[in-house]
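Residue numbers (my numbering): 929 to 1179.
Here is the structure we will look at, set down as structure tokens.
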């Protein structure tokens, strides 16, 4: 299985390498404006400087701590509230359209309100990430529980399972794939808003670093930090996929 997984990874890395070489060549020949796009070689060379001079590891820890706090709130509250609404049909019908509207709203634009409430602190960043990521988790949790086949529930009832046993042995395991889809979407919105709010209020970790580098017109550093954020996101979502496979019922 591992041998079969290598070719796609190698192909992907080779494709990225070719694109970077192409951009480097276009910048060198002047077909691309190097005052807008930095040389990829300069971006790669900036990583060492970012770690040594800009405390990139510490800034990652700051943003990571905020992301963990916001993500835990999103998962716990989102899944819990989704289950709560699923069990109360009238309330679900009344609230679900508003939650869907919130999922499409540009929450990040409300950051001045959160600044008034929480001040220029990590609490504002965590609260913004939580609010931005909550709606997808709630909606996909409701969808997951609604999608459980009645046949499974009827089989459970024939074995005289009580409501708690039906939930833990049938409904929740069958809903896990859809719930994790919502968690992925929620964490994407959470991370985007975390970095965005850090950038806007110039406070925190990686977002603040991007702001500082942009104000100094350090384009290689800005692009290197953005790439670093992308790499961290890839690791997080790979870990989520592993967790989903571990939690899924055996087939």
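Just so it is clear, CB atoms sit at the ideal spot from N, CA and C, and this is done for glycine as well.
For clarity, every value in this text was computed on a predicted model and none was experimentally measured.
Cα separation between residue 1061 and residue 1138? Translated into the one-based positions of the chain shown, residue 1061 becomes position 133. Translated into the one-based positions of the chain shown, residue 1138 becomes position 210. The alpha-carbon atoms of residue 1061 and residue 1138 are separated by roughly 22 Å.
Take residue 1131 as the anchor and find which of 1048, 950 and 1036 has the nearest alpha-carbon. In the chain shown, counting from the first residue as 1, residue 1131 sits at position 203. Out of 1048, 950 and 1036, 1048 has the C-alpha closest to the C-alpha of residue 1131.
For residue 1023, which three-state DSSP category applies? Counting from one through the chain shown, the residue named residue 1023 turns up at place 95. If DSSP states are grouped into helix, strand and coil, residue 1023 belongs with the helices.
My guess is that residue 971 and residue 1155 are in contact by the Cβ rule of under 8 Å, so how many angstroms apart are they, rounded? Taking the chain shown and counting its residues from 1, the one referred to as residue 971 is at position 43. Taking the chain shown and counting its residues from 1, the one referred to as residue 1155 is at position 227. Sure, about 7 Å apart at Cβ, within 8 Å.
DSSP-derived helix/strand/coil call for residue 1140: In the chain shown, counting from the first residue as 1, residue 1140 sits at position 212. Look at residue 1140 here: in three-state DSSP terms it is helix.
In angstroms with no decimal places, state the Cα-to-Cα distance between residue 1042 and residue 935. As a position in the chain shown, residue 1042 is number 114, starting the count at 1. As a position in the chain shown, residue 935 is number 7, starting the count at 1. For residue 1042 and residue 935, the distance between alpha carbons rounds to 47 Å.
Does residue 1074 come out as helix, strand or coil in the three-state DSSP assignment? Within the chain shown, numbered from 1, the residue matching residue 1074 stands at position 146. Looking at residue 1074 - three-state DSSP - the assignment turns out to be helix.
Spatial distance of residue 1027 from residue 1073 (CA atoms): Here residue 1027 corresponds to residue number 99 of the chain shown, with the count starting at 1. Here residue 1073 corresponds to residue number 145 of the chain shown, with the count starting at 1. Roughly 17 Å between the two C-alpha positions.
Roughly how many angstroms separate the alpha carbons of residue 1012 and residue 1125, rounded to a whole number? The count along the chain shown starts at 1 and reaches residue 1012 at position 84. The count along the chain shown starts at 1 and reaches residue 1125 at position 197. Residue 1012 and residue 1125: Cα-Cα distance of roughly 30 Å.
What number of angstroms, rounded off, separates the C-alpha of residue 930 from the C-alpha of residue 937? Against the chain shown, residue 930 aligns to sequence position 2. Against the chain shown, residue 937 aligns to sequence position 9. Only weak support exists for where residue 930 lies, its pLDDT of 49 falling under 50; the coordinates are left without a value.
Taking only the alpha-carbon atoms, compute the straight-line gap between residue 1005 and residue 974 and give it to the nearest angstrom. As a first step, residue 1005 is located in the chain shown; it is residue number 77 there, counting from the start. As a first step, residue 974 is located in the chain shown; it is residue number 46 there, counting from the start. Their Cα atoms are separated by approximately 39 Å.
For residue 987, is the classification buried or exposed, using 16 other Cβ atoms within 10 angstroms of its Cβ as the cut-off for buried? Position 59 of the chain shown, counting from 1, holds the residue named residue 987. So residue 987 counts as buried.
If residue 1083 sits next to residue 1102, beta carbons under 8 Å apart, how far is it from one beta carbon to the other, in whole angstroms? Working through the chain shown from its first residue, we reach residue 1083 at position 155. Working through the chain shown from its first residue, we reach residue 1102 at position 174. With a Cβ gap of about 12 Å, residue 1083 and residue 1102 do not count as contacting.
Is residue 1106 buried or exposed, if buried means 16 or more other CB atoms sit within 10 Å of its CB? Walking along the chain shown from the start, residue 1106 turns up at place 178. Classification for residue 1106: buried.
For residue 1093, which of helix, strand or coil comes out of DSSP? Position 165 of the chain shown holds residue 1093. The answer is helix: DSSP assigns residue 1093 an H, G or I state.
What residue range is occupied by the uninterrupted alpha helix (DSSP H) comprising residue 1121? Locating residue 1121 in the chain shown gives position 193, where the first residue counts as 1. Residue range 1100 to 1129 is occupied by the alpha helix (DSSP H) that includes residue 1121.
In angstroms, rounded to a whole number, what distance separates the CA positions of residue 951 and residue 1150? Numbered from its first residue, the chain shown carries residue 951 at position 23. Numbered from its first residue, the chain shown carries residue 1150 at position 222. Looking at the two C-alpha atoms, the distance is approximately 17 Å.
Quick test of your reading: residue 1117 and residue 1172, contact by CB under 8 Å. State the CB separation rounded to the nearest angstrom. The residue you call residue 1117 lines up with position 189 of the chain shown. The residue you call residue 1172 lines up with position 244 of the chain shown. The pair is not a contact, with the Cβ atoms about 18 Å apart (cut-off 8 Å).
Between residue 1029 and the ligand ATP, is the CB less than 7 Å from at least one heavy atom? No copy of the ligand ATP occurs in the structure displayed, which carries no ligand at all.
Quick check: the stretch 994 to 1010 against the stretch 1048 to 1059, are at least 3 beta-carbon pairs closer than 8 Å? yes
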